[in-house]
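Trainee: Structure incoming, see below.
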């Protein structure tokens, strides 16, 4: 196991370098960031030259990337165009988005897996058909529609929640935004769990457990569910980074100043350092989440061994 972890960590290095290089190149072709610093008026040549030199934009892109990576290993993610260090923006944004993501993941695990198990065990029955139709509707409706509708009904019409989340972004305020963020993924988790349960239910090891006279709940939890969760764990593990990076719409609707909000502001203002810095951390989240998912395989299925 130790050698496998070391090998995977070494494999993450070129992936990280390639991903950050691609992001850096994509961000640098968005447009001229200096043009946005001068407002509606065009910058005079002297001011534009000074700003380019100040932010290192007068150097070739490859040299900018090498400088950025060199600073990155010292914990310096650069400085935003407003003079604020990117690490300060991260310090205020990432805790909020992490809490929002935890709420969303909790909804996926509790509601998604539960509905998937129920429908998988009662395949073809009315409850199965009803849940499948419901998940199809959730997948079909865009997230911004779901968010605005819940905000209007629960926040404005009925007054059950505050339409906007406060600056503290407490867990109780993030329940509805977390449900909106997790809605599509929750539907996929439900369908994936249902399919996996229905397939493994006909497996030999399940029939053997039933023939041995084991209680139904033990057959489901210790044998059927444990092996059926492998594809679900894979999806949820890769979904962690997707939820953190894809929370732009949800955070905009509920006025949450998290990672999505900062990315939106960075793209809007063509703030290269902010966008690249935040996406770099999201790349690390993706890589670590995938590593943890691979290690969980051995916990769920004893037949899997890493050497």
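In the UniProt record's numbering, the protein residues as written are 1 to 307.
Glycine residues also receive a C-beta, built at the ideal position from the N, C-alpha and C atoms.
Who pairs with residue 85 in a beta bridge, going by DSSP?
Mentor: DSSP lists 79 as partners of residue 85.
Trainee: Could you give the distance in angstroms between the alpha-carbon of residue 258 and the alpha-carbon of residue 290?
Mentor: If I take the Cα positions, the gap works out to 23 Å.
Trainee: What are the uninterrupted segments assigned as alpha helix (DSSP H) that are 4 or more residues long and contained completely in the region 120–186, given in chain order?
Mentor: Here the runs fully enclosed are 126–140 and 143–150.
Trainee: Note down the Cα distance separating residue 280 from residue 67, rounded to an integer number of angstroms.
Mentor: Residue 280 and residue 67: Cα-Cα distance of roughly 15 Å.
Trainee: The alpha helix (DSSP H) that contains residue 232, what's its start and end?
Mentor: First-last of the alpha helix (DSSP H) with residue 232: 225–245.
Trainee: Count the other CB atoms, across all protein chains shown, that sit within 10 Å of the CB of residue 374; report buried if there are 16 or more and exposed otherwise.
Mentor: For the chain, the structure presents residues 1 to 307; residue 374 sits outside this window and is missing.
Trainee: Could you please give the first and the last residue of the uninterrupted alpha helix (DSSP H) stretch that includes residue 207?
Mentor: Residues 204–211.
Trainee: Pairing CB atoms from the region 258–277 with CB atoms from the region 17–30, are three or more of them under 8 Å?
Mentor: Segments in contact, yes.
Trainee: Whole angstroms is fine: what's the gap from residue 296's alpha carbon to residue 157's?
Mentor: About 44 Å.
Trainee: Of the choices 254, 248 and 270, whose alpha-carbon is the least far from that of residue 261?
Mentor: Ranking the options by Cα distance to residue 261, first place goes to 248.
Trainee: Using the three-state DSSP reduction, which class does residue 50 fall into: helix, strand or coil?
Mentor: Helix.
Trainee: Return the Cβ separation of residue 119 and residue 131 in integer angstroms, given the expectation that the two are a contact with Cβ distance under 8 Å.
Mentor: Indeed they touch by this definition, with Cβ atoms about 5 Å apart.
Trainee: Check whether the region 99–116 and the region 230–243 touch, using three or more Cβ-Cβ pairs below 8 Å as the test.
Mentor: Result yes; three or more Cβ-Cβ pairs closer than 8 Å.
Trainee: Note down the Cα distance separating residue 245 from residue 121, rounded to an integer number of angstroms.
Mentor: Roughly 34 Å separates the two Cα atoms.
Trainee: Rounded to the nearest angstrom, what separates residue 188 and residue 116 at their Cα positions?
Mentor: C-alpha separation (whole angstroms): 10 Å.
Trainee: Of the residues 79, 179, 173 and 126, which one's Cα is nearest the Cα of residue 149?
Mentor: The candidate whose alpha carbon is nearest that of residue 149 is 179.
Trainee: From 206, 284, 186 and 208, pick the residue whose C-alpha is nearest to that of residue 18; which is it?
Mentor: Looking at the Cα atoms, 284 is the closest of the given residues.
Trainee: Can you name, in chain order, every residue of its own chain whose Cβ lies under 6 Å from the Cβ of residue 185, other than the five neighbours on each side?
Mentor: Counting only Cβ-Cβ distances below 6 Å, and skipping sequence neighbours, we find 108 and 239.
Trainee: Put residue 71 into one of helix, strand or coil per three-state DSSP.
Mentor: Looking at residue 71 - three-state DSSP - the assignment turns out to be helix.
Trainee: Drop a sphere of 10 angstroms on the beta-carbon of residue 273, count the other beta-carbons inside from all chains shown, and report buried for 16 or more, exposed for fewer.
Mentor: That one is buried.
Trainee: Can you tell me which of 250, 6, 215 and 23 puts its alpha carbon nearest to the alpha carbon of residue 145?
Mentor: Of the candidates 250, 6, 215 and 23, the one whose C-alpha sits nearest the C-alpha of residue 145 is 250.
Trainee: From which residue to which residue does the alpha helix (DSSP H) around residue 28 run?
Mentor: Counting along the chain, the alpha helix (DSSP H) containing residue 28 begins and ends at 2–28.
Trainee: Rounded C-beta distance between residue 232 and residue 113? I'm assuming under 8 Å.
Mentor: Yes, residue 232 and residue 113 are in contact; Cβ-Cβ is about 7 Å, under 8 Å.
Trainee: For the region 161–178 and the region 198–218, state whether three or more C-beta atom pairs, one from each stretch, are separated by less than 8 Å.
Mentor: Touching, no, given that fewer than three Cβ pairs across the two stretches are closer than 8 Å.
Trainee: Identify whether residue 262 lies in helix, strand or coil by the three-state DSSP scheme.
Mentor: Note: residue 262 maps to helix in three-state DSSP.
Trainee: Looking only at its chain, what residues have a beta carbon closer than 6 Å to the beta carbon of residue 312, apart from the 5 residues adjacent to it on each side?
Mentor: The structure shown does not extend to residue 312, since the chain spans only 1 to 307, so no value can be given for it.
Trainee: Would you check if the distance between the CB atom of residue 277 and the CB atom of residue 86 is smaller than 7 Å?
Mentor: Against a cut-off of 7 Å, the Cβ pair of residue 86 and residue 277 comes out as a contact.
Trainee: Please confirm whether residue 174 and residue 226 have their CB atoms less than 7 Å apart.
Mentor: Contact flag unset, no.
Trainee: Considering only the beta carbon of each residue, do residue 181 and residue 243 sit closer than 7 Å?
Mentor: A contact, by the Cβ cut-off of 7 Å.
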